[in-house]
Structures are given as C-alpha cells and as structure tokens.
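This note's numbering puts the first residue of the sequence shown at 22, with every later residue one more than the last.
The structure under discussion appears below in the form of structure tokens.
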Amino acid sequence: MVKAESDVSDRLTLESVRDSLIRQEDSIVFSLIERAKFPLNAPTYDPSYFSMPGSYGSLVELVVKQTEAVQAKAGRYENPEEHPFFPDDLPPSQVPPHKYPRVIIYSFKPSTCVSFFRISLIPEANSIKIKPDPKTTGFESRGSVR
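Right, dumping it as structure tokens:
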C-alpha cells in the first residue's frame, strides 16, 4: 500500500500536471477545430424544438444524458477524474469497483458548464453566419467568435 501511495505522489508533480493540461488543451482545441467544419444545427440545441415524453431540454441534452447513462453503467464516473455534465439520476456502475488514487481536488461544476453552454456559447454560435466555401472542404465564417 505504501508503494501505491508513493507511485501516485511520484506521478503528481508540477511537470506531470503541466504535461497533462497541455495534452487536454490540445485535445479540446483539436475537437473544436474539427467541430467548426460543420454548420450549426440550431434546432438540436433548442429545448422548445424537441419534445419527447419524459425528456426535458434539447435533443443534444437528451443524447448527452443517454450517453452518460451508458458510460455510468460501464463505470466511467467511478474514476474521480471523470465527471458527468448531468449527474442526476445516473444508473449505478455494473462493473467491479476499481480503487482509483485520489490525485486532484473535485471542483467541476456541471451546472456551471451547462449554463455557460446554453447562455453564452450556443447564442454566440447562432449569431455567426456560416456559408460553404467552394474552394475548400470547410466553411468560412461571416462573423466573429469572442
């Protein structure tokens, strides 16, 4: 047991945290660049556009909630570094528990992320006029993202 604690503290150095944050930043930026290739499908983000019994919110929220439910059953959120955006009513894990080292302080606020997404990001994205650029496979923007 002492060996396991030592392994965790050896991994948790300023350099290892910095490297991890750089990799995460690269992944996030790459995902945003890839997503920006496609025009926004505004109705999928509009809670008033999609209606299904037992569902509250947009089609995107429904897909994310259902995906998180499957991932919760597979044990994803047992890891202290993994956090769902919609933690309410997740099913329990169906896989044997794994002892994860506690290496970070929990500070993720899913409601803050979802609020930012709904209030700031989507309205801003909807204000950008995107038209196909025939010279490339991508799109050109007729607006600015702050």
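Where is the CB? At the ideal position from N, CA and C, for every residue including glycine.
Discussion item. Restricting to Cα atoms, I'd like to know which of K58, E102, S76 is closest to F129.
Written reply: Counting from one through the sequence shown, the residue named residue 129 turns up at place 108. If we check each option's Cα against that of F129, E102 comes out closest.
Worksheet item: By Cβ distance below 8 Å, which residues in the same chain neighbour Q115 in space, the five residues on each side in sequence not counted?
Response: As a first step, residue 115 must be located in the sequence shown, where it is residue number 94. K94, A95, G96, listed in sequence order.
Worksheet item: For the alpha helix (DSSP H) that contains R39, what are its first and last residues?
Response: Counting from one through the sequence shown, the residue named residue 39 turns up at place 18. Residues 35 to 56.
Discussion item. Assuming L83 is part of the alpha helix (DSSP H), what are its boundary residues?
Written reply: As a working note, residue 83 is residue 62 in the sequence shown. Secondary structure note for L83: its alpha helix (DSSP H) is the uninterrupted segment 80 to 94.
Discussion item. According to DSSP, is C132 part of a helix, a strand, or is it coil?
Written reply: Your numbering for residue 132 matches position 111 in the sequence shown. Here residue 132 turns out to be Ser, not Cys, going by the sequence shown. Note: S132 maps to helix in three-state DSSP.
Worksheet item: Helix, strand or coil: which one does DSSP assign to L61?
Response: Your numbering for residue 61 matches position 40 in the sequence shown. The DSSP-derived three-state label of L61 is coil.
Worksheet item: In angstroms, rounded to a whole number, what distance separates the CA positions of V84 and R44?
Response: Start at 1 with the first residue of the sequence shown, and residue 84 comes out as number 63. Start at 1 with the first residue of the sequence shown, and residue 44 comes out as number 23. Spanning the two alpha carbons is a distance of roughly 26 Å.
Worksheet item: If we call anything under 8 Å between Cβ atoms a contact, is P118 one with E89?
Response: Translated into the one-based positions of the sequence shown, residue 118 becomes position 97. Translated into the one-based positions of the sequence shown, residue 89 becomes position 68. No, Cβ-Cβ distance for P118 and E89 is not below 8 Å.
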